[in-house]
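**Student:**
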Amino acid sequence: MTRHVLLIEDNEQNRYLTTFLLEKSGYRVTSAVTGPDGIELARGGAFDLILLDIQLPAMDGYAVAASLKADPRTRGVPIVAVTSHAMVGDREKALASGSQGYIEKPIDPETFVSEIERFLPSRGVP
Amino acid sequence: MSGGGGAESGESSGGDTLPRLQLAALDAVANAIVFTDSRGVILWVNAAWGTMTGYSRAEVLGQNPRILKSGAQSRAFYGELWRTILSGRVWRGELVNKRKDGSLYTEEETITPLCDPDGKVTHFIAIKQDISDRKLAELALRESEERARKAASELAIAKERAESADRLKSAFLATMSHELRTPLNSIIGFTGILLQELPGPINAEQRKQLEMVRGSSRHLLALINDVLDISKIEAGQLEVRREPFDLEACIERAVGAVRPLAEKKGLALASSVPAGVGQVVGDPRRVEQVLLNLLTNAVKFTDRGRVSLEVASDDDRVRMTVRDTGVGIQSADLAALFQPFRQVGSGLARSHEGTGLGLAICRRLAGLMGGDVSVESEWGSGSAFTFALPRRWGNR
Numbered sequence: 053m054t055r056h057v058l059l060i061e062d063n064e065q066n067r068y069l070t071t072f073l074l075e076k077s078g079y080r081v082t083s084a085v086t087g088p089d090g091i092e093l094a095r096g097g098a099f100d101l102i103l104l105d106i107q108l109p110a111m112d113g114y115a116v117a118a119s120l121k122a123d124p125r126t127r128g129v130p131i132v133a134v135t136s137h138a139m140v141g142d143r144e145k146a147l148a149s150g151s152q153g154y155i156e157k158p159i160d161p162e163t164f165v166s167e168i169e170r171f172l173p174s175r176g177v178p
Numbered sequence: 008m009s010g011g012g013g014a015e016s017g018e019s020s021g022g023d024t025l026p027r028l029q030l031a032a033l034d035a036v037a038n039a040i041v042f043t044d045s046r047g048v049i050l051w052v053n054a055a056w057g058t059m060t061g062y063s064r065a066e067v068l069g070q071n072p073r074i075l076k077s078g079a080q081s082r083a084f085y086g087e088l089w090r091t092i093l094s095g096r097v098w099r100g101e102l103v104n105k106r107k108d109g110s111l112y113t114e115e116e117t118i119t120p121l122c123d124p125d126g127k128v129t130h131f132i133a134i135k136q137d138i139s140d141r142k143l144a145e146l147a148l149r150e151s152e153e154r155a156r157k158a159a160s161e162l163a164i165a166k167e168r169a170e171s172a173d174r175l176k177s178a179f180l181a182t183m184s185h186e187l188r189t190p191l192n193s194i195i196g197f198t199g200i201l202l203q204e205l206p207g208p209i210n211a212e213q214r215k216q217l218e219m220v221r222g223s224s225r226h227l228l229a230l231i232n233d234v235l236d237i238s239k240i241e242a243g244q245l246e247v248r249r250e251p252f253d254l255e256a257c258i259e260r261a262v263g264a265v266r267p268l269a270e271k272k273g274l275a276l277a278s279s280v281p282a283g284v285g286q287v288v289g290d291p292r293r294v295e296q297v298l299l300n301l302l303t304n305a306v307k308f309t310d311r312g313r314v315s316l317e318v319a320s321d322d323d324r325v326r327m328t329v330r331d332t333g334v335g336i337q338s339a340d341l342a343a344l345f346q347p348f349r350q351v352g353s354g355l356a357r358s359h360e361g362t363g364l365g366l367a368i369c370r371r372l373a374g375l376m377g378g379d380v381s382v383e384s385e386w387g388s389g390s391a392f393t394f395a396l397p398r399r400w401g402n403r
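Listed in order, the protein sequences are those of chains A and F.
All the letters of the first sequence, read from the start, carry residue numbers 53 to 178 under the numbering used here.
All the letters of the second sequence, read from the start, carry residue numbers 8 to 403 under the numbering used here.
1. Distance cutoff 8 Å, beta carbons only. Does His185(F) sit that close to anything in chain A?
2. At a CB-CB cut-off below 9 Å, which residues of chain F make contact with Ser109(A)?
3. In this structure, how does DSSP classify Ser9(F) when only helix, strand and coil are distinguished?
4. Tell me which same chain residues have a C-beta within less than 7 Å of the C-beta of Leu73(A), skipping the five on either side of it?
5. Please classify Lys166(F) as buried or exposed, where buried requires at least 16 neighbouring CB atoms within 10 angstroms.
6. Using the C-alpha atoms, what's the distance from Leu341(F) back to Asp379(F)?
7. Using 8 Å for Cβ pairs, my map puts Val306(F) next to Ala269(F). What's the rounded Cβ distance?
8. Closer than 7 Å by C-beta to Ser358(F): which residues in its own chain qualify, once you throw out the five before and the five after it? Chain order, please.
9. Examine chain F for any beta-carbon lying closer than 8 Å to the beta-carbon of Leu73(A), and answer yes or no.
10. Across which residues does DSSP place Arg313(F) in a beta bridge pair?
11. Which chain F residues sit within Cβ distance under 7 Å of Ser136(A)?
12. Check the Cβ-Cβ distances between Asp100(A) and every residue of chain F, and say whether any is below 8 Å.
13. Take every Cβ of the region 53–70 of chain F, pair it with every Cβ of the region 103–121 of chain F, and state whether three or more of those distances are shorter than 8 Å.
14. Tell me the residue span of the alpha helix (DSSP H) that contains Arg141(F).
15. Which same chain residues end up closer than 6 Å to Ala391(F) when comparing Cβ atoms and leaving out the 5 residues on each side of it in sequence?
16. So, does the CB of Glu169(A) fall closer than 8 Å to a CB anywhere in chain F?
17. Which whole-angstrom value is the C-beta distance of Lys135(F) and Lys105(F), which I expect to be below 8 Å?
18. Val262(F) by DSSP, collapsed to three states: which one?
19. From the beta carbon of Ser166(A), is the nearest beta carbon of chain F less than 8 Å away?
20. Ends of the beta strand (DSSP E) at Ile49(F)?
21. Would you mind reading off the limits of the beta strand (DSSP E) that contains Pro251(F)?
22. According to the neighbour-count rule (16 or more other Cβ atoms, all chains shown, within 10 Å of its Cβ), is Asp23(F) buried or exposed?
23. Suppose you measure from the CA of Leu101(A) to the CA of Asn192(F); what does that come to, to the nearest Å?
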């Protein structure tokens, strides 16, 4: 069964980059450009993981994470926050708003996929 | 009793003693006293009145007190005063009057009408006191209170401005951090993907050039990180953790990170950590950052010989000294070494790329943890940078 990742990221190049890396590793990727679109998609689909950019216009990643965690339909999906902020307290803020993981940009294409794999729910024995 | 009579006016027979004493007493009191008839014509003044107004008694007998008028009070004011006293009531108030020499003074005055048995006003007794000094003091007090209020409000405005400047600075740093990293993320990311040959094979020349792109973009990232670090430190935005950590493990990580670079240059790299260095309290990530920076500098500026890390420890401090056999630093350059953007010697700057911020950041980070970074160097024979860290920083 192919793992399905929801990517919420506003920057086109970075969306392509992350999608490319994940698809090369055998993931299926659905992407959203804004927070509200991402929440909409998350409610309607069965995702194994949500990759969430924190610096989104209008509704930022913290608010998106809080909204996803407040909704029973999306509460169970692990969120990994990706941030280019890297300021004091960003990690704590991301984790407090409901993210399980935290990755700083720029991402390392060699280790990125294995980093997010840690946050995927483990599969049952085949 | 004559109108011009006073305490000094001669001897009298025994029966006159009491009125004479009374008049002498009135003449001696500190308040100014004036007697007038019902039209206000002055019949008698005491000595204090003379002192207050500057007129002698002889000058004013038969005159009207209007000689003191300063113009400070309105006609209506006097109209009200006269209505009050002519109706037999006492008037109390303050007046600004003019002395004989033209100077102004403020007096506090009580005018008491005297009436005959039919209730007709026959005389007035006015008792006055010069309150100019009190008025000045009150004015000065009001002014100083006003100044204090103004200063306090200016201070509040300045504080608000400084705080909003701080908020602006933090917001600016956060935005810069984001704006600079976003394009770098795709540059570093796609370069890595191409080098991994995920989209397809590349030839040797393409690999060489892509590695140059990756090298340059990593350097750019290091620059951005350094600039943001120093900006955060100077804006008071960089917080260091206070937690006990294993110093030896931290040293091993830093030495391990720089080992490939040392081996590539054929340099010996040694570290000696005495047993029992154990735990210190501080920020392990920042301690590692400082050590890595000092070690990388040492390897970068040494072409032959060795780089070593020696650790000395006592109850209070841990001293970590990075020693190299490199080019060394001229004594004239030592002072500027820890200033931001001051890589010494333009020739060196060209052959050893770096931000010129590393040592400035190291010293500030050490300072944030209660420690320091110092240097000893001899031109031509190497340098020794010592990172001193208090053992129990934060517990004091």
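A virtual CB, placed ideally from N, CA and C, is assigned to each residue, including glycine.
**Tutor:** Put simply:
1. On the second sequence, position 178 is the one that residue 185(F) refers to. It does; some Cβ of chain A falls within 8 Å.
2. In the first sequence, the residue the question calls residue 109(A) occupies position 57. A small correction: the amino acid at residue 109(A) is Pro; Ser does not occupy that position in the sequence shown. Here the premise fails: no neighbours, minimum Cβ distance about 11 Å.
3. In the second sequence, residue 9(F) corresponds to position 2, counting from 1. Because Ser9(F) carries a pLDDT of 43, less than 50, the predicted location of this residue cannot be relied on, and no value is offered for it.
4. Working through the first sequence from its first residue, we reach residue 73(A) at position 21. Closer than 7 Å at Cβ, skipping near neighbours: Pro161, Phe164, Val165.
5. If you number the second sequence from 1, residue 166(F) lands on position 159. It is exposed - the Cβ of Lys166(F) has fewer than 16 other Cβ atoms within 10 Å.
6. As a first step, residue 379(F) must be located in the second sequence, where it is residue number 372. As a first step, residue 341(F) must be located in the second sequence, where it is residue number 334. So the alpha carbons of these two residues sit roughly 15 Å apart.
7. As a working mapping, residue 306(F) is identified with position 299 in the second sequence. As a working mapping, residue 269(F) is identified with position 262 in the second sequence. Indeed, because the Cβ distance is near 5 Å, the residues count as touching under 8 Å.
8. Counted from its first residue, the second sequence places residue 358(F) at position 351. Note that Ser358(F) scores a pLDDT of 43, beneath 50, so its modelled location is shaky; the value from the coordinates is reported in the next line. Correct list: empty, nothing qualifies.
9. As a working mapping, residue 73(A) is identified with position 21 in the first sequence. So yes, Leu73(A) belongs to the interface.
10. Here residue 313(F) refers to the residue found at position 306 of the second sequence. Arg313(F) is bridged to Ala275(F).
11. The sequence position of residue 136(A) within the first sequence is 84, counting from 1. Per Cβ cutoff of 7 Å: Ser184, His185, Arg188, Thr189, Asn192.
12. Mapped onto the first sequence, residue 100(A) falls at position 48. For Asp100(A), the answer is no, since every Cβ of chain F falls outside 8 Å of its Cβ.
13. yes
14. For the purposes of this step, residue 141(F) is identified with residue 134 of the second sequence, where counting begins at 1. Arg141(F) -> alpha helix (DSSP H) spans 139–202.
15. The residue you call residue 391(F) lines up with position 384 of the second sequence. Thr328, Arg330, Glu383.
16. Working through the first sequence from its first residue, we reach residue 169(A) at position 117. It does not; no Cβ of chain F falls within 8 Å.
17. For the purposes of this step, residue 135(F) is taken as residue 128 along the second sequence, with counting starting at 1. For the purposes of this step, residue 105(F) is taken as residue 98 along the second sequence, with counting starting at 1. Between Lys105(F) and Lys135(F) the Cβ distance is about 14 Å, and since that is not below 8 Å, they are no contact.
18. Taking the second sequence and counting its residues from 1, the one referred to as residue 262(F) is at position 255. It is helical.
19. The residue labelled residue 166(A) in the question sits at position 114 within the first sequence. For Ser166(A), the answer is no, since every Cβ of chain F falls outside 8 Å of its Cβ.
20. Start at 1 with the first residue of the second sequence, and residue 49(F) comes out as number 42. Looking at the DSSP string, the run of the beta strand (DSSP E) that includes Ile49(F) is 49–52.
21. Translated into positions along the second sequence, residue 251(F) becomes position 244. From DSSP, the beta strand (DSSP E) with Pro251(F) extends over 250–253.
22. Looking up residue 23(F) in the second sequence gives position 16. When all chains shown are included, Asp23(F) counts as exposed.
23. Taking the first sequence and counting its residues from 1, one reaches residue 101(A) at position 49. Taking the second sequence and counting its residues from 1, one reaches residue 192(F) at position 185. Each residue's Cα considered, the two are about 21 Å apart.
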